[in-house]
Each structure stands twice: as structure tokens, then as C-alpha cells.
Amino acid sequence: MMNENSAAIRLILREESDSIERKERLLLLSALLCAEAGLVHMLSAALPGAGVSAAAALALLFALSAALLLLAKGNRTLLFGCGALLMAGLFTLPLFRSGLLALVNGFRSALCACTGCIILPLEGADEGRSAYALWVLLAYFALLLCASVLGSGRLGAALSLLPFLLFWAVGFVPVDGGAALYLFGVGTLLLRGRGGRNAVAALLCLLLCLSAAFGLQVQSGLPDSLRIALHALRYDSETNAMPEGDLSTLGSFRKSDTPALTVTMETPQKLYLRGFTGESYTGQSWEPLTNAEKAPWSESFYALHESGYYALSAIGTAAEVTDSLRPAEISVTNESACSARLYLPYGLMGNGLLDASAIGDSTAPPGKSWSGKMSSGSVPDWFTLRASLSVMSSDPGVSAYLRREQLYRSFAESEYLRVPEETAAVLAEAIDLPEGGYTLSEIKDCILTVLKDRMCYDESESLRLGEQDFAACVLENEMAGYSVHYATLAALMLRTLGVPARYVEGYYLSAEEAAQYTGGEPVTLTENHAHAWAEYYLDGVGWIPFETTPPYIDEEELNAGPGTGEER
2 MMNENSAAIR LILREESDSI ERKERLLLLS ALLCAEAGLV HMLSAALPGA
52 GVSAAAALAL LFALSAALLL LAKGNRTLLF GCGALLMAGL FTLPLFRSGL
102 LALVNGFRSA LCACTGCIIL PLEGADEGRS AYALWVLLAY FALLLCASVL
152 GSGRLGAALS LLPFLLFWAV GFVPVDGGAA LYLFGVGTLL LRGRGGRNAV
202 AALLCLLLCL SAAFGLQVQS GLPDSLRIAL HALRYDSETN AMPEGDLSTL
252 GSFRKSDTPA LTVTMETPQK LYLRGFTGES YTGQSWEPLT NAEKAPWSES
302 FYALHESGYY ALSAIGTAAE VTDSLRPAEI SVTNESACSA RLYLPYGLMG
352 NGLLDASAIG DSTAPPGKSW SGKMSSGSVP DWFTLRASLS VMSSDPGVSA
402 YLRREQLYRS FAESEYLRVP EETAAVLAEA IDLPEGGYTL SEIKDCILTV
452 LKDRMCYDES ESLRLGEQDF AACVLENEMA GYSVHYATLA ALMLRTLGVP
502 ARYVEGYYLS AEEAAQYTGG EPVTLTENHA HAWAEYYLDG VGWIPFETTP
552 PYIDEEELNA GPGTGEER
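Throughout the sequence shown, residue numbering follows the working numbering, covering 2 to 569 in sequence.
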């Protein structure tokens, strides 16, 4: 009787064990399907040009995984599968290699759009073979995931999770439902408890899915208020007077005697120190160009930087190749200004401070202080420099410089002429120019006249836009304002009239104040020197400051380059 009871108990336990094992395998198979579905979805979104059907890829991966799970009795079968794939790859090495290079170039384009850094494509890629290479890579991922199911260890799941985390960190992987599926599946395989699921593993998987949802919010862009707060916490001080392009809640000009920069010049002179540069106007703010907008220009900027051309030092480079402006020593120390970037003069000479991997050359890298050389002179000298370049165009050095400048100019004309339709309509109504061609001098005179007629200088003016367009609100209501208002309108009008232009914030030292100092004497620029201005692109030379704010305009600006400029 006792033996019969023991046998019955063993039979019940065996049946329960088999049931638990079946449930466990069903769970792991479901986790495997989730992981593979998420993987295929993410790769299809990230590499749309690979030519692989998502449905077909998922069906093949799951069929391969199911076959391995049915046939395999251990990791030996997986090792055999990996070996078979490796042999197949070796026998078709040229096919796989060129397809893999095409995939890598696809990754390169996506990473370039995510990071805004120069990443050159690899040679020898064949786009027509990228689908084959992607199939092989997907098969390897399937083998890794199956290894985590069949083996007692979780190495396969861990290895398949690492590439995802890497690509997620740089923004290559689209963080959406596919990412959540992948994380859930791999997390279940990686964190499963022995003999079945446990509460900790389930909780960790849930946390992974929630992190994917949070990642989606981060990657799609932080809320403006949070982004501004994080920037202020990291780089700004409470005394910074400029809004860094934010026009939506523009307060009065907060001048103060707080030291912002200490500048030492060999020859004190009028000085614009460029800081924040607004490249794209949204109606509510000035923003940098997005990395996706800059990515198509990666190879162009690689060629420019390799040849020593940087937009931030173009005037200094032109002065060197023509030997027309004297170099002078300068050093700048940041006391309390925003430290997100260095503050550089327009005549910077040398490229040691600049980022060779950056696309666009709009701002300098972060830093607290720097020293180097700048070309002496200001706006009138730069127009003279342009004439020297034209006269010396047959010189080999000047000719090479002008070819590089023309390449950068194509970028400037492509990216810095955009104005929203609503804004363009208001600006066109305000601008009074006869139809036909007009020179740069005529354009500048027209803009100064519009601003004089439509604006009144007032540093106490504040503005809460709501949903309105900033330029339309200011022009239609003939409002008052200070340098931020004037610089924004000037940059937009330049663009409307066909001149590439940008909005700039930084610090300004007038010629009169500079004359009070001797060479080598430190000059303290306070928040009273904080200023905003427009800059336009002068063919052959580069970016030139355009002063339109009434208390800052001097005879030099009014008489700069009389009669110059091609018809626009």
C-alpha cells in the first residue's frame, strides 16, 4: 500500500514537473518571439533602405529559433549553427563584406544624424547586397537568443542586450513599441528565475519597459522648460542677461555690473565676441540646426576641415592667405558668462580651439578661457579684404582658399535663408524695395530704415508671445525693444531678401571704450556689455556682424562697404 502511494505521488510530481517545464518553455518561447519581433521592428525603422521585409524576417527568425529549440539538446547544436553560418559567410565573403559595409554606412548616416559629428562612409559598399548581410546578422542574433533559452547561463541574452544599449545611448535605435518588446523579451530571458518566473524578474522586466517609454520621451525631445532648466543648471549663472534665443517670454534687458568676461588684447579695438548662434527661427525662438539637418553635409565639412577651413576662423584665414591684416594676441577668460561655448572674435586666426568633428561650424566647444591670435581691424577692413581676395584670385593659396569658401557658402545658402511662411508674409509687407536686383548696401539701408520706422529702443520692454509669431507681433504692433528684438528682425529681413543670415548673442566692446585701454591691459566686460546682433554672409570672407540696434550703430557700420555686394 505504501509503495502504491509513493508511486502515485511520484507520478503526480512528475506530471506537475512536466507541466511546469512546459509552461516555462512556453514562456521562454513567447519571450523569444517578443525579442525577435522588437529586433526586426527596430532594424526596419533604423535601416529602411536595407530591403528586408519585416514580416518575412520575423517569420524566418522564429522558424529558425523554433527548429533549434526542438532539435537542440544543448549548446552543441548552437555551436554547430554558428559554425555553419560562419562557413557560409566565408564562402560568400565578398558578397557579405560589401553588404556589411553598406549596412555600416547606413548606421553611419543614422549616427551622423543623431550626433551631428562627421562620420565618413566606408568604401566598397554595395547597397544591393545589404539585405543579405542583414539576414546573416539577424540569424546570429537568433542564435544568441536561443543560447540563453537552451543554456543554463544567460550570456546570449546579455550579449544581445549590449548592442541595443549602445545604439540607444547614441540615439540610433528608435525607442518605441519595438524597443519595449525587445527589452521585455530579452529581459525575461536574462532575468528569469530558476524553475519559473519570480516576482523580481517580472518587476525588472516591467522597469525595462518603463525605461523604454521614458527613453521615447527623451529621444523625441525634452520639454522646452526642462531643457532650458538643465542647460541653466549646467552652464549659466543667475546674472546672464541674454535669453539664448528664447523669445517666447522675453523680459526686459537685465543689465548689471557683474563681470562676465576678462579680455586682454595686444591692440585694444572694437570687438564682437560671438557666443550663442541662432540658426533656425521657429517663431518662438532661435534654435541651432538639428543634427539631422546637418548630417547631409558631413563629407563637405570633412573636406573643409582637412584643408584647414573653418567658418569661425574664415576671416583670419583670408587675412593670412592675402597677408593683408596684422595678427594680434588676445585672451578671454570666462568669469560668469554662459560656459556652454567659448567666446570668439570674428577675426580669429588658427583652428586649434575648434572642433574638427563638428558639422556646421556655428559655435565653439565649451570652455572657460582661451588665448590665441586674431586679425586686427573690423567691418570696413573685411570689405577691403574681400577686394584683396578678388585681386589676388590667381594666387595658388588664395585660389585654394576661395574654392573652400565656395563649398562652405553652398551650405550657408542652403541652410540660412529659411523663414516661416507667416513671418515672410509680414516681413515682405514691411520691406519697401523696388522689384529687381539690389545690392547688399541697399538691402542693409532698407533694413535700417524699416527698423527705425517700426521700432523704438526701450530696454524695459517685455513680451509674452503665447501662440504668436515674434516678428509678426513686433512689426504689426510697432513695438519697442532692445538688441534681441532688433537682431531677430534684421536677421529675418536679410534672409527674406536673399542674404544668408543668423542671430547671435555675445559681448560687445565699442571702439570708444577700447581706446581707453592700453595694450596688454585686462578689460572687464560685464553684463552691461551683453548684446545681440545679426550677422550676414559676405561672399569670399564669411560671417560679418550687422549692427542695427540704435545706441550701438556707429559711422563705421553705416559706411561699411558702400556700393558693394552683388545683386540679390
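Glycine residues also receive a C-beta, built at the ideal position from the N, C-alpha and C atoms.
Please read these numbers as outputs of a predicted model, since none were measured by experiment.
Whole-angstrom distance between residue j and residue i, CA atom to CA atom
| i | j | result |
| --- | --- | --- |
| C113 | P297 | 9 Å |
| L428 | D382 | 31 Å |
| S461 | G309 | 44 Å |
| G39 | S511 | 60 Å |
| S249 | D433 | 28 Å |
| A242 | T334 | 18 Å |
| A401 | S394 | 9 Å |
| V219 | S281 | In this predicted model, V219 has a pLDDT of only 44, less than 50, meaning its place in the structure is not dependable enough to derive any value. |
| R342 | A533 | 16 Å |
| A481 | T550 | 11 Å |
| A181 | A64 | 22 Å |
| A359 | E414 | 19 Å |
| A213 | E513 | Low per-residue confidence applies at A213: pLDDT is 49, beneath 50, and the placement is therefore not dependable, though the value from the model is reported in the following sentence. C-alpha separation (whole angstroms): 57 Å. |
| D356 | A488 | 27 Å |
| L495 | A502 | 6 Å |
| F215 | M43 | At F215, the pLDDT of 47 sits below 50, so the modelled position is not reliable and the matter cannot be decided from this model. |
| N199 | F185 | Summary for N199: the model assigns pLDDT 47, below 50, so the residue's position carries little reliability, and this model does not support an answer. |
| S379 | Y344 | 17 Å |
| I554 | R109 | 46 Å |
| V451 | A431 | 7 Å |
| R195 | G179 | Only weak support exists for where R195 lies, its pLDDT of 47 falling under 50; the coordinates are left without a value. |
| N352 | A312 | 10 Å |
| E37 | L30 | 11 Å |
| D459 | W544 | 28 Å |
| Y508 | N529 | 9 Å |
| Q285 | T318 | 35 Å |
Cβ neighbour criterion (16 or more within 10 Å) applied to residue i
| i | result |
| --- | --- |
| Q270 | buried |
| V392 | exposed |
| C339 | buried |
| S221 | In this prediction, S221 scores a pLDDT of 43, lower than 50, which makes its location untrustworthy; no coordinate-derived value is stated. |
| R387 | buried |
| K374 | buried |
| K453 | exposed |
| D324 | exposed |
| L251 | buried |
| C35 | buried |
| E556 | exposed |
| P546 | buried |
| E307 | exposed |
| L33 | buried |
| S299 | buried |
| K295 | buried |
| A60 | exposed |
| E321 | buried |
| K445 | buried |
For residue i, the residue or residues it bridges with in DSSP
| i | result |
| --- | --- |
| E288 | S281 |
| K374 | E330 and M350 |
| L510 | L272 |
| D356 | DSSP output for D356 lists no bridge partner at all. |
| L464 | L251 |
| A481 | C457 |
| L345 | R275 |
| C339 | Paired residue(s): none; C339 is not in a bridge. |
| A502 | Y537 |
| C118 | A359 |
Boundaries of the alpha helix (DSSP H) in which residue i is found, first to last residue
| i | result |
| --- | --- |
| G398 | P397 to E416 |
| L434 | No alpha helix (DSSP H) contains L434, which DSSP labels as neither H nor E. |
| V392 | V380 to V392 |
| M494 | S484 to T497 |
| E300 | S299 to E307 |
Residue range of the unbroken beta strand (DSSP E) whose run includes residue i
| i | result |
| --- | --- |
| L262 | P260 to M266 |
| A531 | A531 to L539 |
| L326 | Premise fails: L326 is in no beta strand (DSSP E) and is neither H nor E. |
| I545 | G543 to F547 |
| T525 | P523 to T527 |
For the segment 259-267 against the segment 329-346, do three or more pairs of beta-carbon atoms, one drawn from each stretch, fall closer than 8 Å, so that the two count as touching? With a cut-off of 8 Å, the segment 329-346 and the segment 259-267 count as touching, because enough Cβ pairs lie within range.
Decide yes or no for the touch test of the segment 405-424 against the segment 535-546: beta carbon pairs closer than 8 Å, at least 3 of them. Three or more beta-carbon pairs separated by less than 8 Å link the segment 405-424 to the segment 535-546, which places the two stretches in contact.
Could you say if the segment 230-240 and the segment 464-475 meet the contact criterion of at least three C-beta pairs nearer than 8 Å? Using a C-beta cut-off of 8 Å, the segment 230-240 makes no contact with the segment 464-475, since fewer than three inter-stretch Cβ pairs fall below that distance.
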